[in-house]
C-alpha cells in the first residue's frame, strides 16, 4: 500500500516571509555549511503525521474538518538554535499564538501520539558544520526579529517528497478559521 509523508502546518503571509528572509541574510553572514530554507518552503509544522496511507489520510481529514478555530493573531518573537553536542543544527524563529490550535489538532487526531512539548518555531536554516559553533549560536540568538503581528486564518495538510536539493511540498487540504460571530442587533 502506498504511503505519503504528511504533516499539518501553517503558511506565512508575504510580509512575514520578507522579514524571515531578512533574518536569514543576517545568519548567512557567518560562515557555516548548510542550507537556508527557501522562501517558498517556509511553513510551521503543527503536527508531523509521518508516512500514512490513503485510508488514514481520509480519517485525519474527516477529524480535522470538525475543528472550529477563530482567526489567530501571531507574532515573531525571537531567534535561536537547536543544538546537538554543543553544535548548532537548526536555526529557528519562535512564533507566538499557535499553541492553542496545535493542542486542538493534537487532541482531535486521536490515532497519533500527542506532542510532549510543542515549541512553536519556524526552521529557517539547517546547519551541517561550522568551525565556530559557540560564535554562530550567539550570533543567531542575538538577531532581533521585527515584532510583526500577522493573522492566520487557515491550516493545511501537506505532503512532502524529499528530493534533492530541496523537498517538494503539496497542499492536500486546507481548513479555514471560523468567521467571528456578529453581535445580535437589539
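In our numbering, the protein residues as written are 1 to 186.
Built from N, CA and C at the ideal position, the CB exists for glycine as well.
Small disclaimer: the values here were computed from a predicted structure and weren't measured.
Asked                                                                                                                                                         : Found
Do you know offhand how far residue 12's Cα is from residue 158's?                                                                                            : 14 angstroms
Determine, using beta-carbon pairs with one atom in the segment 15-35 and one in the segment 49-58, whether at least three such pairs fall under 8 angstroms. : no
Identify every residue that forms a DSSP beta bridge with residue 157.                                                                                        : 8, 173
Who are the Cβ neighbours of residue 123 in its own chain at under 8 angstroms, not counting the five residues just before and after it?                      : 37, 90, 91, 92
Residues bridged to residue 80 by DSSP?                                                                                                                       : 92
Near residue 48, which residues of its chain fall below 6 angstroms by C-beta distance, leaving aside the five closest residues on each side in sequence?     : 7
CA-CA distance, residue 108 and residue 65?                                                                                                                   : 10 angstroms
Quick one: what's got a C-beta closer than 6 angstroms to residue 146's C-beta in the same chain, skipping five residues either side?                         : 19
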